[in-house]
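The sequence shown begins at 0 in numbering that gives the first Met the number 0 and counts up one residue at a time. The structure appears right after this line, and notes come after that.
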Amino acid sequence: MKQQKKHILYFIVTAFAVTMFFSCQDNYDEIQKLSYSKRFPVGEAENMFLVYTDSGKVKSTLRSPYNKDFSNQQFPFTEFPKGIILEFFDEKNNKSVVTSDYAILYNETRLVDLRGNVVLTTHDGNVLEAPQLYLDQDKEWIFTEGKFKLSDENGVLVQGTSGIDFSRDLSIIEAHEIYDSSIPIDEKDK
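Here it is in C-alpha coordinates:
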(Lines of atoms letter the chains of each structure in order from A and count residues from 1; the text may use other names and numbers.)
(Lines give C-alpha, C1' and ligand atoms only; values in the text may rest on other atoms or scores of the structure.)
Protein backbone atom coordinates (compact mmCIF):
# COMPACT_ATOMS: atom_id res chain seq x y z
CA MET A 1 0.00 0.00 0.00
CA LYS A 2 2.80 2.33 0.90
CA GLN A 3 4.50 1.44 -2.39
CA GLN A 4 1.28 2.15 -4.28
CA LYS A 5 0.96 5.63 -2.70
CA LYS A 6 4.55 6.36 -3.73
CA HIS A 7 3.77 5.40 -7.35
CA ILE A 8 0.60 7.52 -7.36
CA LEU A 9 2.49 10.52 -5.93
CA TYR A 10 5.29 9.97 -8.45
CA PHE A 11 2.71 9.76 -11.25
CA ILE A 12 0.96 12.97 -10.13
CA VAL A 13 4.26 14.91 -9.86
CA THR A 14 5.39 13.64 -13.28
CA ALA A 15 2.03 14.47 -14.89
CA PHE A 16 2.12 17.97 -13.37
CA ALA A 17 5.71 18.61 -14.55
CA VAL A 18 4.96 17.38 -18.09
CA THR A 19 1.80 19.51 -18.22
CA MET A 20 3.71 22.58 -17.07
CA PHE A 21 6.53 21.90 -19.56
CA PHE A 22 4.21 21.60 -22.56
CA SER A 23 1.96 24.49 -21.52
CA CYS A 24 4.86 26.97 -21.65
CA GLN A 25 5.03 28.91 -24.90
CA ASP A 26 8.16 29.98 -26.68
CA ASN A 27 8.49 33.50 -25.26
CA TYR A 28 12.11 33.99 -26.23
CA ASP A 29 11.25 36.78 -28.68
CA GLU A 30 9.14 38.52 -26.06
CA ILE A 31 11.94 38.29 -23.50
CA GLN A 32 14.42 39.71 -26.02
CA LYS A 33 12.10 42.64 -26.69
CA LEU A 34 11.95 43.40 -22.98
CA SER A 35 15.71 43.30 -22.57
CA TYR A 36 16.36 45.35 -25.73
CA SER A 37 17.37 48.83 -24.74
CA LYS A 38 15.51 51.34 -26.83
CA ARG A 39 17.27 54.31 -28.35
CA PHE A 40 17.06 57.08 -25.79
CA PRO A 41 19.04 60.32 -26.06
CA VAL A 42 21.65 61.20 -23.46
CA GLY A 43 20.41 64.77 -23.57
CA GLU A 44 17.95 67.10 -25.25
CA ALA A 45 18.14 70.85 -25.80
CA GLU A 46 15.70 73.51 -26.89
CA ASN A 47 16.61 76.75 -28.66
CA MET A 48 20.19 75.65 -29.11
CA PHE A 49 22.89 78.08 -30.25
CA LEU A 50 26.39 76.68 -30.74
CA VAL A 51 29.50 78.64 -31.78
CA TYR A 52 32.59 76.87 -33.17
CA THR A 53 35.83 78.83 -32.95
CA ASP A 54 39.39 78.09 -33.97
CA SER A 55 42.27 80.20 -32.64
CA GLY A 56 39.80 82.78 -31.34
CA LYS A 57 38.08 83.17 -34.72
CA VAL A 58 34.45 82.13 -35.28
CA LYS A 59 34.35 79.40 -37.94
CA SER A 60 30.65 78.48 -37.74
CA THR A 61 27.45 78.84 -35.74
CA LEU A 62 24.57 76.42 -35.43
CA ARG A 63 21.01 77.22 -34.37
CA SER A 64 18.24 74.71 -33.82
CA PRO A 65 14.89 74.81 -32.04
CA TYR A 66 15.39 71.24 -30.78
CA ASN A 67 18.32 68.86 -30.46
CA LYS A 68 18.75 65.23 -29.32
CA ASP A 69 22.17 63.86 -28.32
CA PHE A 70 22.62 60.15 -29.04
CA SER A 71 26.32 59.95 -28.13
CA ASN A 72 25.48 56.86 -26.04
CA GLN A 73 24.92 54.72 -29.16
CA GLN A 74 27.37 52.36 -30.83
CA PHE A 75 27.52 54.79 -33.80
CA PRO A 76 27.02 58.14 -32.01
CA PHE A 77 25.00 60.92 -33.63
CA THR A 78 23.22 64.17 -32.89
CA GLU A 79 19.73 64.69 -34.29
CA PHE A 80 18.00 67.97 -35.11
CA PRO A 81 14.38 66.89 -35.78
CA LYS A 82 13.08 70.47 -36.15
CA GLY A 83 15.81 71.67 -38.50
CA ILE A 84 18.92 73.80 -38.35
CA ILE A 85 20.42 77.07 -39.47
CA LEU A 86 24.15 76.65 -40.02
CA GLU A 87 26.33 79.69 -40.71
CA PHE A 88 29.96 79.22 -41.69
CA PHE A 89 32.67 81.78 -42.31
CA ASP A 90 35.66 81.73 -44.66
CA GLU A 91 39.12 83.23 -44.06
CA LYS A 92 37.83 86.70 -45.04
CA ASN A 93 34.88 86.35 -42.62
CA ASN A 94 32.36 86.01 -45.48
CA LYS A 95 29.25 84.22 -44.25
CA SER A 96 27.41 81.39 -46.02
CA VAL A 97 24.21 79.86 -44.63
CA VAL A 98 22.62 76.40 -44.82
CA THR A 99 19.06 75.71 -43.67
CA SER A 100 17.11 72.45 -43.54
CA ASP A 101 13.97 71.01 -41.96
CA TYR A 102 15.87 68.08 -40.42
CA ALA A 103 19.52 67.16 -39.81
CA ILE A 104 21.72 64.46 -38.33
CA LEU A 105 25.38 64.91 -37.42
CA TYR A 106 27.33 61.65 -37.25
CA ASN A 107 29.97 62.29 -34.59
CA GLU A 108 32.66 59.81 -35.69
CA THR A 109 32.60 60.60 -39.42
CA ARG A 110 31.69 64.29 -38.96
CA LEU A 111 29.21 63.90 -41.82
CA VAL A 112 26.04 66.00 -41.65
CA ASP A 113 22.89 64.68 -43.36
CA LEU A 114 20.55 67.59 -44.17
CA ARG A 115 16.98 66.79 -45.28
CA GLY A 116 13.87 68.67 -46.29
CA ASN A 117 13.96 72.02 -48.08
CA VAL A 118 17.73 72.27 -47.89
CA VAL A 119 19.01 75.66 -49.03
CA LEU A 120 22.67 76.71 -49.14
CA THR A 121 23.25 80.42 -49.76
CA THR A 122 26.86 81.52 -50.26
CA HIS A 123 28.22 84.94 -49.37
CA ASP A 124 28.40 85.89 -53.07
CA GLY A 125 24.73 85.14 -53.80
CA ASN A 126 24.81 81.57 -55.16
CA VAL A 127 21.91 79.43 -53.96
CA LEU A 128 21.83 75.63 -53.98
CA GLU A 129 18.49 73.94 -53.32
CA ALA A 130 17.92 70.21 -52.83
CA PRO A 131 15.68 67.83 -50.88
CA GLN A 132 18.80 66.32 -49.26
CA LEU A 133 22.45 67.36 -48.97
CA TYR A 134 25.44 65.89 -47.19
CA LEU A 135 28.18 68.02 -45.66
CA ASP A 136 31.60 66.53 -44.99
CA GLN A 137 32.97 68.87 -42.34
CA ASP A 138 36.57 67.65 -42.51
CA LYS A 139 36.91 67.93 -46.30
CA GLU A 140 34.62 70.98 -46.51
CA TRP A 141 32.77 69.18 -49.27
CA ILE A 142 29.01 69.16 -49.97
CA PHE A 143 27.20 66.62 -52.12
CA THR A 144 23.82 65.17 -52.99
CA GLU A 145 22.73 62.04 -54.80
CA GLY A 146 19.36 63.44 -55.84
CA LYS A 147 17.74 66.46 -57.46
CA PHE A 148 19.34 69.88 -57.13
CA LYS A 149 19.15 73.42 -58.47
CA LEU A 150 22.04 75.91 -58.40
CA SER A 151 21.24 79.55 -59.13
CA ASP A 152 22.55 83.05 -58.66
CA GLU A 153 20.99 86.52 -58.81
CA ASN A 154 20.68 86.17 -62.63
CA GLY A 155 18.71 82.90 -62.53
CA VAL A 156 19.25 79.15 -62.69
CA LEU A 157 22.80 78.05 -63.52
CA VAL A 158 22.55 74.26 -63.25
CA GLN A 159 19.80 71.72 -62.55
CA GLY A 160 20.15 67.98 -62.28
CA THR A 161 18.48 64.81 -61.11
CA SER A 162 21.26 62.50 -59.97
CA GLY A 163 23.52 64.52 -57.74
CA ILE A 164 26.31 67.04 -57.59
CA ASP A 165 29.54 67.41 -55.59
CA PHE A 166 31.16 70.75 -54.78
CA SER A 167 33.35 72.60 -52.32
CA ARG A 168 31.69 74.57 -49.56
CA ASP A 169 31.99 77.84 -51.49
CA LEU A 170 30.63 76.19 -54.70
CA SER A 171 33.88 76.97 -56.55
CA ILE A 172 34.55 73.35 -57.62
CA ILE A 173 31.56 71.59 -59.14
CA GLU A 174 31.28 67.98 -60.28
CA ALA A 175 27.78 67.28 -61.55
CA HIS A 176 26.67 63.68 -62.09
CA GLU A 177 23.87 64.32 -64.58
CA ILE A 178 22.67 67.73 -65.74
CA TYR A 179 19.38 68.31 -67.54
CA ASP A 180 19.55 72.11 -67.73
CA SER A 181 22.56 74.41 -67.61
CA SER A 182 23.32 77.99 -68.48
CA ILE A 183 27.02 77.63 -67.63
CA PRO A 184 29.45 75.58 -69.72
CA ILE A 185 30.25 72.16 -68.29
CA ASP A 186 33.41 70.46 -69.60
CA GLU A 187 32.86 66.91 -70.85
CA LYS A 188 35.77 65.72 -68.71
CA ASP A 189 33.91 66.92 -65.58
CA LYS A 190 30.83 64.83 -66.35
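We put the beta carbon where it would ideally sit given N, CA and C, even for glycine. In this text, all values refer to a predicted model and were calculated from it rather than measured experimentally.
Same chain, Cβ closer than 6 Å to residue i, five either side skipped, listed in chain order
i: L113; result: S99, A102, L132
i: F147; result: A129, G159, I163
i: V117; result: S99, A129, L132
i: V126; result: T120, S150
i: H122; result: N93, K94, S95
i: D68; result: P40, V41, G42, T77
i: A44; result: N66
Beta bridge counterpart(s) of residue i as assigned by DSSP
i: D137; result: According to DSSP, D137 bridges with nothing at all.
i: S150; result: V126, V155
i: I11; result: According to DSSP, I11 bridges with nothing at all.
i: N46; result: Answer is none; N46 lacks a bridge partner.
i: N199; result: For residue 199 there is no data in the structure shown, the boundaries of the chain being 0 and 189.
i: S59; result: Y51, F87
Neighbourhood of residue i by C-beta distance below 8 Å, restricted to the same chain and skipping five residues each side
i: W140; result: L134, D164, F165, S166, R167
i: S34; result: Low confidence applies here, because S34 scores a pLDDT of 47, under 50, leaving its location unreliable; read the following figure in that light. Correct list: empty, nothing qualifies.
i: E107; result: F74, P75
i: Q72; result: R38
i: I214; result: Shown here, the chain extends from 0 to 189; a query on residue 214 therefore has no answer.
i: Q136; result: R109, L110, V111
i: I11; result: none
Contacts around residue i, its chain only, beta-carbon distance under 7 Å, and the 5 residues preceding and following it disregarded
i: V57; result: V50, F88
i: N46; result: P64
i: T52; result: K58
i: E90; result: none
For residue j and residue i, the rounded distance between their alpha carbons
i: S70; j: Y105; result: 9 Å
i: G145; j: S161; result: 5 Å
i: L110; j: L156; result: 27 Å
i: G124; j: E152; result: 6 Å
i: Y115; j: L85; result: The displayed chain sequence assigns Gly, not Tyr, to residue 115. Each residue's alpha carbon lies about 14 Å from the other.
i: T143; j: F48; result: 26 Å
i: S54; j: K138; result: 19 Å
### Message
So within the region 73 to 125, which uninterrupted alpha helix (DSSP H) runs reach at least 4 residues, ignoring any that extend past its ends?
### Response
none
### Message
Below 8 Å, how does it come out for the region 77 to 92 and the region 49 to 65: are there three or more Cβ pairs, yes or no?
### Response
yes
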